[in-house]
Amino acid sequence: MYILCNEEPLWMSKCLSIGGPLEYKGSWKKTTLSRLGLCSENDENLQKPRQFDGFNSLYLYRRWYRCFTSLSSFSFDDGHVERKDDLLLNQFRSQYDGKGPVLLTKLAETWPARTKWTVQQLTKDFGEVPFRISQRSPQKITMKLKDYVSYMQLQHDEDPLYIFDDKFGESAPALLEDYSIPHLFQEEFFDILDYDQRPAFRWLIIGPERSGASWHVDPGLTSAWNTLLCGRKRWALYPPGRVPGGVTVHVNDEDGDVDIETPTSLQWWLDIYPHLPEHEKPLEFTQLPGETIFVPSGWWHCVLNLETTVAVTQNFVNQSNFQHVCLDMAPGHRHKGVCRAGLLAVPGNSVKDNENHPSVPMSGWNHPDMSRKEKRFKGSESLSTSNSINHCSAFEFSGVQESLENQEFSYDIGFLSQFLEKERDHYSSIWSPTNSLGQREAREWLRRLWFLKPELRELVWKGACLAINVDKWYSCLEEICACHNLPLPTEDEKLPVGTGSNPVFIVSGNVIKIYAEGGLAYSVHGLGTELEFYDLLQKSGSPLINHIPEIIASGFLEYEDDIYRTVPWDGKGMPDVLVKHYPLEVSYANSCFPLGLWSKQRFGTSSSPDVSNRPIWPYMVTRKCKGDIFARIRDVLSKTDILPLASSLGVQMRNIHLLPLPHMEHVPKSGNSDVKDCDDAAVLPEWQQLVSTLNRRMKNVKKHLANWGNSVPQALIEKAEGYLPPNMDFLIKFVKDDGDLVHLLPSWIHSDIMDDNILIEGITESSSFSNSKGSYEADPEKMNAIHIIDFSDLSIGDPLCDIIPLHLDVFRGDTDLLREFLRSYQLPLLRGQANTDIYKSVKNSKFSRASYRAMCYCMLHEDNVLAAIFSLWKELRAATSWEDIENLVWGELNRYQESCTP
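In the UniProt record's numbering, the protein residues as written are 1 to 902.
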């Protein structure tokens, strides 16, 4: 037990789980105890390891061997990869790009890095600079370069840490001047995005002998180039779809998340490679200083440092791999599995026949241990084994009726796209968290490409069809335009705009939104509630009507017999087309707006997964409002420019929160099993859905907060239950001195007041797609002319629920902007039938404190609101209580509430 508990990998894992800056102390046990403050450097217990006679372990011996083996026996060889001095661009594109790797020996000859990037010189120039270390834990690990070099000299780790830093251009910008992107790889579609929007794309790599990158496919199916500046690297490569022996590909069947389980690079070369039959061995070669390897999209590769090395690498998207990158963004798991694991990942259906790819019979999955959530694919090589070592190389699933080894696999996009999951809607379904871009960013990227690279529109269109089903939504758009006598879209208008969850097109000054988010019932209620809201605005004469879009048309798109047709609907009455396809039980069928606010509340406000083959979609056509989306222009505005916007938002949010709620008829309890009725009969019906939802989350608050990963410090998660009220109705009902209950009045809530749902006038920009801030002019007299859009998430509740996104997203936590908003908002944050009774009842009650209520709503929000808080106030990650966070973030609300006290 003593020997096993003193194993260095155990202490290494513990040490790296702490995160933060790291200084190696000669052993991982000593380093860990030192970081935890549990020992001094002169502790005698660390100086005298104990000796044991007669103890033998083959497992520990093999580990020891990997820790101390030398790789000098790997001599230089020409390998199996072509070596070229250089290539013309057309030669590269026709012979190698998207086809196979090539080693180029003279691309870096003129770089200053060829002479400057030695370990000694880098340590001299950047020794005090912290660099990111290869990830071994969820925590980010950094080491000063001088400390890392000391670690390299002292360590005997089985799998040594290496510098793998995608932010080296920020921490050491002078390094960027020492190299340039080779002429063959300068086409890069991601550089159309702002730097902070781009996925990680360049890395500084420094590592000692025995370190290296284990088997992987480059992220997002991008291609890569890697230039070695000093040392030697041993490379092994397999073509797309060929899973190396000993490697398992995990694909989550809910969100398509891909994870690869693989031995370390050194372990694979020592334990698995020697047992491979000659015909099963990979392409391999030794890379020398000054040489650049090109790795095409989808190729598996593994790298082993034969000595201390320094290298730089970049990933890129160009015309050759663009469609593959777009395909990999699409939701689902089948196509992601096939792109990486080939036909091992194909379920038990035949591949669709086409003229380029003959029919391929498939095998089914019926392994008894197979999780419903995840599919796993292992390398299918039959390896001979020795000493009973299990190399995990066989096809994992039992019950395979027919071997797939002899079937044809193609990395052609036409072949791969057949495995897209047609039942998923690519626009609004959950995307994998490991995608190179999120959904919103991907839509913005495609739209920028559409405008800034018009010569490539045919290619961009193909990519958009793969990633977001744009061909389907464009067909819907054409039908809506034809039905309402709107002009057909021009070439510039063919792609959706904005970053929301519903496809939105702008055609000749008209905005056409197709409700795709959530299930059909969710989207139908979204349109129904929005139409009811507009009707109330007209009847009440609210001034808000001048600050929201004008509705031109609304209805449903029905897909039947392979054609689309439109069915107009103004929100009143139950549409026949809905009854035909979806017999929704509606509690308010006799009301004017049967699918309006109260029906939505009974149904529930949470969206549900949708499928792309549903027969109908709601839509709305509005007149385009004047102004620019605030999200696009906010970075060119000063705080002084934004103050009028904050004031105008205060006025318009007051108008929203003062709008009367529609009459609520008595209805029986909800039949929707997803919406639990509130048990407390003392809670007003208007509040029951919100209170029920929040109570449900509160009962599992630790799990709810843990779902946000590392966004919330664990110490705060442990204190969440003690901070929240016993029941969430404590926040909306209070007891007077005479014992009677006083309830807050609920309001209409926009629910999505974010910077992309606000339009502001008075700004003139040189280009809305500029990658730089550019020039602009702000007209102060027009800066308070705003429009608020996208009311599809309307609900009822506490007005604080609208102030939360305003403060965190629109104002980015600026207290001055929040104060200006509240100055013009002028509504009390506690409103009841009689405000005097409210304030008498809540005196000295923490449950009525505006900051406390806002903090509770943040903690139980369906979105990761807390991540925004800890991002804006980084010092709060060290907070010891929720009260500290509450006071700093929301304290201004208390001062405002006190000023409103009668």
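Where a beta carbon is used, it is the ideal one built from N, C-alpha and C, also for glycine. This structure is a prediction, so every number in the text was calculated from the model and none was measured.
| Are there 16 or more other CB atoms within 10 angstroms of the CB of residue 247, so buried, or fewer, so exposed? | buried
| Counted within 10 angstroms of its Cβ, other Cβ atoms place residue 715 as buried (16 or more) or exposed | exposed
| request: Starting from residue 574, trace the alpha helix (DSSP H) both ways and give me its first and last residue. | output: It is not in any alpha helix (DSSP H) - residue 574 carries neither H nor E in the DSSP assignment.
| Are there 16 or more other CB atoms within 10 angstroms of the CB of residue 55, so buried, or fewer, so exposed? | So residue 55 counts as exposed.
| said: Are the CB atoms of residue 294 and residue 225 within a distance shorter than 8 Å? | reply: yes
| query | Between 283, 159 and 461, which lies nearest to residue 266 when the distance is taken from Cα to Cα? | reply | 159
| field | Where residue 216 falls: helix, strand or coil (DSSP) | value | For residue 216, the three-state secondary structure derived from DSSP is strand.
| said: Comparing C-alpha positions only, which one of 252, 184 and 451 sits nearest to residue 93? | reply: 184
| said: In whole angstroms, give me the CA-to-CA distance for residue 856 and residue 752. | reply: 18 Å
| task | For residue 638, count neighbouring Cβ atoms within 10 angstroms of its own Cβ and tell me buried if that reaches 16, exposed if not. | result | exposed
| query | In terms of residue numbering, what span does the alpha helix (DSSP H) encompassing residue 90 cover? | reply | Run containing residue 90: 89-95, per the alpha helix (DSSP H) assignment.
| Taking the C-alpha atoms as reference points, what is the distance between residue 280 and residue 86? | 30 Å
| Would you report the Cα separation of residue 178 and residue 309, rounded to the nearest angstrom? | 17 Å
| query | With a CB to CB cut of under 8 Å and the five nearest residues on each side skipped, what residues in its chain are close to residue 441? | reply | 193, 197 and 499
| request: Output yes or no for whether 8 Å exceeds the beta carbon distance between residue 851 and residue 799. | output: no
| For residue 106, which option in 83, 119 and 125 has the closest C-alpha, if you only look at C-alpha atoms? | 83
| said: For residue 5 and residue 140, what's the separation of their Cα atoms in angstroms? | reply: 25 Å
| Name the DSSP bridge partner or partners of residue 787? | For residue 787, which the question treats as bridged, DSSP gives the partners 759.
| request: Return the chain-ordered list of same chain residues with a C-beta closer than 8 Å to the C-beta of residue 703, the five sequence neighbours on each side being excluded. | output: none
| task | State whether the stretch 270-290 contacts the stretch 195-210, with contact taken as three or more CB pairs (one from each stretch) at a distance under 8 Å. | result | no
| task | Would you mind working out which of 260, 220 and 300 sits nearest residue 317, comparing C-alpha positions? | result | Checking every option, the nearest Cα to that of residue 317 belongs to 220.
| task | Return helix, strand or coil for residue 623, following the three-state DSSP convention. | result | strand
| field | Residues that DSSP places opposite residue 408 in a beta bridge | value | For residue 408, which the question treats as bridged, DSSP gives no partner whatsoever.
| said: In chain order, what are the residue ranges of uninterrupted beta strand (DSSP E) at least 3 long that sit wholly in the stretch 225-255? | reply: 233-238 and 248-252
| field | residue 426 (DSSP reduced to helix, strand or coil) | value | coil
| request: Pull up the DSSP beta-bridge partners for residue 68, would you. | output: DSSP output for residue 68 lists no bridge partner at all.
| Does the distance from the CB of residue 759 to the CB of residue 650 come in under 8 Å? | no
| query | Where does the unbroken beta strand (DSSP E) through residue 287 begin, and where does it stop? | reply | 283-287
| query | What is the residue span of the alpha helix (DSSP H) that residue 534 lies within? | reply | 520-540
| message | Would residue 791 and residue 530 be called neighbours here (beta carbons separated by less than 8 Å)? | response | yes
| Between which two residues does the beta strand (DSSP E) harbouring residue 165 extend? | Start and end: 163-165.
| field | Cβ-based burial, residue 127 [other Cβ within 10 Å; buried from 16] | value | exposed
| said: Taking its Cβ as the centre, do 16 or more other Cβ atoms sit within 10 Å of residue 454, making it buried, or is it exposed? | reply: Exposed: under 16 other Cβ atoms inside 10 Å.
| request: Measure the alpha-carbon distance for residue 307 versus residue 241 and round it to whole angstroms. | output: Going by the C-alpha atoms only, they are around 31 Å apart.
| task | Locate the beta strand (DSSP E) running through residue 797, then write down its first and last residues. | result | Residues 795-797.
| Does the distance from the CB of residue 245 to the CB of residue 303 come in under 8 Å? | no
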